[in-house]
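Chemist: Using this note's numbering, the letters of the sequence shown map in sequence onto residues 372 to 597.
Here a beta-carbon is modelled for each residue, glycine too, at the ideal position from N, C-alpha and C.
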Amino acid sequence: MIDIPFMTRRESLAIGAAAFTSVLIPIAKSAETPEGHGISAFGDLKYPADFNQFDYVNPKAPKGGVFSQVAPTLIFNQGPLTFNSLNSFILKGDAAQGMEFTFASSMGRAYDEPDAMYGLAARGVQISSDRLTYRFFLRHGITFHDGSLLTAHDVVFSLQVLKEKGHPIIQQMLQNFAGAQAPDDATVVVSLSPADLFTSLLCRSSLRGDHARGPIGLRSVPGWAI
């Protein structure tokens, strides 16, 4: 995944993800909101829990063909002209454009609302009353493209390694991340410090696996038009 000799999946993630500290803190005991299918700082969500696709998505759009473009924006270490790495979450190398689209995220942005995000790899989320603890519930049946299941432990591993060895910009953005735990295979509990929440980046952080194999992306989530 990056421009160095063969690495295991764990090693690739450790160097190539962008995010969170390895110090795990106790799960907060404060009251949580009911599980919701989305979150928004501005109150009500546009879409109900059982919606099939965003209004601006055409589920019958034709498939096939070739599309080529130069990315309008570059993130982190992506190169404008060429690439020598497939890891866009680290400082080293020039990553290929668009690699962020090869990973699923816990929640996805709705572009016809000011700031709403809805469950993607996660079916829903509970938020503590102080808004510093987020409990994500993963959807059933999500797999990597080799067929292995995505678990909460994969998510925790990704968050930890992103904070430790990710691109410096990402480390700076996630400096107030406090820890993550996986009480079971389908639940991720993320704790933030009072200084800041960083909910948006947290929900969009790429999910990767903690496996001793080459890095592989997620299949599309059942029921979503991607």
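How should residue 458 be labelled, buried or exposed, when 16 other C-beta atoms within 10 angstroms of its C-beta is the threshold for buried?
Modeler: Against the sequence shown, residue 458 aligns to sequence position 87. It counts as buried.
Chemist: Can you tell me which residues form a DSSP beta bridge with residue 555?
Modeler: Here the question's residue 555 lines up with position 184 in the sequence shown. In DSSP, residue 555 forms a bridge with 558.
Chemist: Report yes or no: do the region 513–527 and the region 549–556 share at least 3 C-beta pairs separated by less than 8 Å?
Modeler: yes
Chemist: Helix, strand or coil, according to DSSP, for residue 498 in the structure here?
Modeler: On the sequence shown, residue 498 is found 127 positions in, with the first residue counted as 1. The DSSP-derived three-state label of residue 498 is strand.
Chemist: So, does the region 528–545 touch the region 501–519, judging by three or more C-beta pairs under 8 Å?
Modeler: no
Chemist: Which stretch, first to last residue, makes up the beta strand (DSSP E) that contains residue 509?
Modeler: Your numbering for residue 509 matches position 138 in the sequence shown. Residues 504–509.
Chemist: Helix, strand or coil for residue 466 per DSSP?
Modeler: Working through the sequence shown from its first residue, we reach residue 466 at position 95. Residue 466 falls in the strand class under three-state DSSP.
Chemist: Are the beta-carbon atoms belonging to residue 551 and residue 527 less than 7 Å from one another?
Modeler: The sequence position of residue 551 within the sequence shown is 180, counting from 1. The sequence position of residue 527 within the sequence shown is 156, counting from 1. Taking 7 Å as the Cβ cut-off, residue 551 and residue 527 qualify as a contacting pair.
Chemist: Using the C-alpha atoms, what's the distance from residue 419 back to residue 544?
Modeler: One-based indexing of the sequence shown puts residue 544 at position 173. One-based indexing of the sequence shown puts residue 419 at position 48. Answer to the nearest angstrom: the Cα atoms are 31 Å apart.
Chemist: Here's a check: name, in chain order, each residue in its chain whose Cβ is nearer than 8 Å to the Cβ of residue 427, leaving out the five neighbours to either side.
Modeler: As a working note, residue 427 is residue 56 in the sequence shown. If we look at residue 427 and ignore the five residues flanking it on each side, its Cβ neighbours are 482, 483.
Chemist: By alpha-carbon positions, which one of 541, 563, 549, 547 ends up nearest to residue 461?
Modeler: For the purposes of this step, residue 461 is identified with residue 90 of the sequence shown, where counting begins at 1. Looking only at 541, 563, 549, 547, the smallest Cα-Cα distance to residue 461 is reached by 541.
Chemist: Locate the alpha helix (DSSP H) running through residue 528, then write down its first and last residues.
Modeler: As a position in the sequence shown, residue 528 is number 157, starting the count at 1. Here the alpha helix (DSSP H) through residue 528 covers 523–536.
Chemist: Considering residue 542, what are the terminal residues of the alpha helix (DSSP H) in which it resides?
Modeler: Locating residue 542 in the sequence shown gives position 171, counting from the first residue. For residue 542, the uninterrupted alpha helix (DSSP H) run begins and ends at 539–544, by DSSP.
Chemist: Between which two residues does the beta strand (DSSP E) containing residue 490 stretch?
Modeler: Residue mapping note: residue 490 aligns to position 119 of the sequence shown, counting from 1. It spans 488–490 - the beta strand (DSSP E) in which residue 490 sits, taken as one unbroken run.
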